[in-house]
Structures are given as C-alpha cells and as structure tokens.
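This report refers to the structure that appears directly beneath it.
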Amino acid sequence: MKERVSQAGLYLRHKPVGPSSFSLVQSAMGELQEAGSKLKVCHGGTLDPFAEGLLLLLVGPATKIFEHLHDAPKTYVAQVVWGVETDSGDGLGRTVKESSADQLKADQLNAALAPFLGWTPQVPPPTSAKKIKGEPAYRRVHRGENVSLPPSRVYLHGARWLSHQLPHASTLELTCRGGFYVRSLVRDVGRALGCGAHVKTLARTAIGPWRDDAKERFCSGRDVLPWWPARLLTDAEWGAVKKEASIPRGKPGTPAWRFPKGFPPAPPHALGMHQGRVVALLTDDGEVLSPSAVFPKGL
Numbered sequence: 065m066k067e068r069v070s071q072a073g074l075y076l077r078h079k080p081v082g083p084s085s086f087s088l089v090q091s092a093m094g095e096l097q098e099a100g101s102k103l104k105v106c107h108g109g110t111l112d113p114f115a116e117g118l119l120l121l122l123v124g125p126a127t128k129i130f131e132h133l134h135d136a137p138k139t140y141v142a143q144v145v146w147g148v149e150t151d152s153g154d155g156l157g158r159t160v161k162e163s164s165a166d167q168l169k170a171d172q173l174n175a176a177l178a179p180f181l182g183w184t185p186q187v188p189p190p191t192s193a194k195k196i197k198g199e200p201a202y203r204r205v206h207r208g209e210n211v212s213l214p215p216s217r218v219y220l221h222g223a224r225w226l227s228h229q230l231p232h233a234s235t236l237e238l239t240c241r242g243g244f245y246v247r248s249l250v251r252d253v254g255r256a257l258g259c260g261a262h263v264k265t266l267a268r269t270a271i272g273p274w275r276d277d278a279k280e281r282f283c284s285g286r287d288v289l290p291w292w293p294a295r296l297l298t299d300a301e302w303g304a305v306k307k308e309a310s311i312p313r314g315k316p317g318t319p320a321w322r323f324p325k326g327f328p329p330a331p332p333h334a335l336g337m338h339q340g341r342v343v344a345l346l347t348d349d350g351e352v353l354s355p356s357a358v359f360p361k362g363l
C-alpha cells in the first residue's frame, strides 16, 4: 500500500507501463490539494510511457535536490529486439532499418558492450525529454518536425546480458549515471553489430539505494540524499546559514550509503542538519561549507 502524498520529502513510486511520469506528479498534486497543501511536486527523472519502474516524486523543498539525483547510479533491465532499428529506439517507433540477426552469437554480444562502458558521447533519441529552446524534443517530433540532437557525455558503469533468445531477442541489465539513454545504447550496439536493434520493454529497477518493489515509501531528513555526508549545525551556524553565509567545514559525518566502487563520485557537498532535519544543502570547498539551498522549515 502506497503512502499518500501529504508532506515535503521524497516518495518512492512504481510507474506502470502506459502512464507518463508527469501523470504521477499530477496525482500527487491532487492528493496535496485535497489536504489543503500548495507544496510543489516534480519527479526525479523521466520514465517513458512504454517503460515501467521506480520513479521518485519530490515534494516541497525536496524539489531542490532534483539536479543532485543525476549523480546517483540507476539500474535498468531492457528486452532488446534484434534485426530492427526504429526512429524512436523503442517498439512504438517507425522502422528505419531491418536486417538479419541470424549471425549473432553470445560472445559477440558481450564484446559489443565494451566500447560503451565508462564516459562516452551519446546521441539521445529524437523522442526524448532533452530540451530544444526550452521545449522537450519529443513534442517537436510529435508535431512532425525533424529533430537532430547533439551528443551528450554520459556514463555507463556496467552492463551484462541476463539471457538470450537468439537471433530474435536478448535481455540486458545495466547501471549508469543520470542522463543516459538505454534506447540510444541499444541503437548503437545494433549499429555496431550491423543488424539494428531496439528496446521492446524497459524497467528501472533501482536508483541509488532505492529499489523498485512493493515497499513504496516516504523519505525525509538525511534519507533524501543518503550518499551525502551530514553536517550537524549549532544554533549559531544555522543562523549564519539562514543568512546564506558560509560556515567552517568542521567534520561532516560518514554517508549512510556509498556509490559502487569505481562509480564517479558526486561533487563535494554536505547536508546541513539542525534538530534532526535537513535545513540546507551545503557546497564543500575543503575549507568552508556554503549554502546552495536553505529550507527554513526543514526537510
């Protein structure tokens, strides 16, 4: 049973196949309005309508952690169809290439993933949420416009094939940083193999320490960014931070959760804690902590 959206914080939700990510935001806004609240809501990273899995809803001051969620590892499982490339990179798109995949072998597919590991340039799908002059690219595509997006620098931490039903399909699991497009990876692997490929199904199974399971829940306090260390503030330091002043670095504590070994570290930050609540996001330059966001009512 999901916890009703009623207060500021981070909510873990499962998005099923079909609805848009924004539809879950709208549902949360409706719950808040029923409770007489005007808190803002956003999600922590889009899932396409054809995809399912873990979606984070950020409510109230938690919306200000949005950009920092991109630092965290995200895990996906995709069913890959061989022999057909589509313009959208998924099964809903128009076929742009068909070719026999009869020659594919499992060891060949393992080798095909290697060039995409680590930091690489990646061209997003035209039907993506990437912005063009402030407008998502997919809206332009739906109007019939030709869309060409520049490559972005993305990070793939690991990828492995879970199973094969060759020459027709394979199941892929991967862990990446925010901003990575699974559809683009599959498109590019298909091109490298000379047969074309697209994603039939896609599930986001984890974001950082959170997994997509039946335990849809609410997080607040230091749990909203558990890979950041927490810095306990004295009353005087909290007073200074409220005025957007820097404070001595002191000794931030140990993060409650750490990134996988070898995963790119997040930029140095700390959660400013006062009376058990997150009251600020602090940038750490090694000597002082400077507030980048302040939450007077806490989070």
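Going by this note's numbering, the sequence shown opens with residue 65, and the numbers climb by one from there. We put the CB at the ideal spot given by N, CA and C, even for glycine. Since the structure is predicted, the reported quantities are computational estimates derived from the model, not experimental observations.
Along the region 281-321, the beta strand (DSSP E) occurs as fully enclosed runs of 3 or more residues at 294-296, listed in sequence order.
Cβ contact annotation for residue 332 (same chain, cutoff 8 angstroms, sequence separation greater than five): 347, 348, 349, 350, in chain order. Cβ contact annotation for residue 187 (same chain, cutoff 7 angstroms, sequence separation greater than five): 213, 215, 248, in chain order. In this structure the region 307-314 lies against the region 351-361, because at least three pairs of beta carbons, one per stretch, are closer than 8 angstroms. Per DSSP, reduced to three states, the secondary structure at residue 326 is coil, with no helix or strand assignment.
For residue 148, the enclosing beta strand (DSSP E) stretches over residues 148-150. In this structure, the beta-carbon distance from residue 259 to residue 146 falls below 7 angstroms. A distance below 7 angstroms separates the beta carbons of residue 262 and residue 153. The C-alpha of residue 143 is placed about 31 angstroms away from the C-alpha of residue 67.
Within the same chain, and ignoring the five residues on either side of residue 257 in sequence, the residues whose Cβ sits closer than 6 angstroms to its Cβ are 176.
Comparing alpha-carbon positions, the option among 227, 275, 286 lying closest to residue 340 turns out to be 286.
The beta carbon of residue 245 lies closer than 7 angstroms to those of 186, 188, 189, 192 in the same chain, with the five residues before and after it left out. DSSP links residue 138 through a beta bridge to 240, 271. Inter-residue distance for residue 102 and residue 317 is about 34 angstroms (C-alpha atoms, whole angstroms). Residue burial annotation: residue 162 is exposed, with fewer than 16 other C-beta atoms found within 10 angstroms of its C-beta. Scanning 184, 252, 115, 283 for the CA closest to the CA of residue 273 turns up 283. The region 285-304 makes no contact with the region 214-231, as fewer than three CB pairs between them are under 8 angstroms. Sequence-distant partners of residue 181 (beyond 5 residues in either direction) whose C-beta falls short of 8 angstroms from its own C-beta, in its chain, are 220, 221, 222, 223. DSSP places residue 158 in the coil class of the three-state scheme, outside both helix and strand.
Burial is judged here by how many other beta carbons sit within 10 angstroms of a residue's own beta carbon; residue 87 has fewer than 16 and is exposed.
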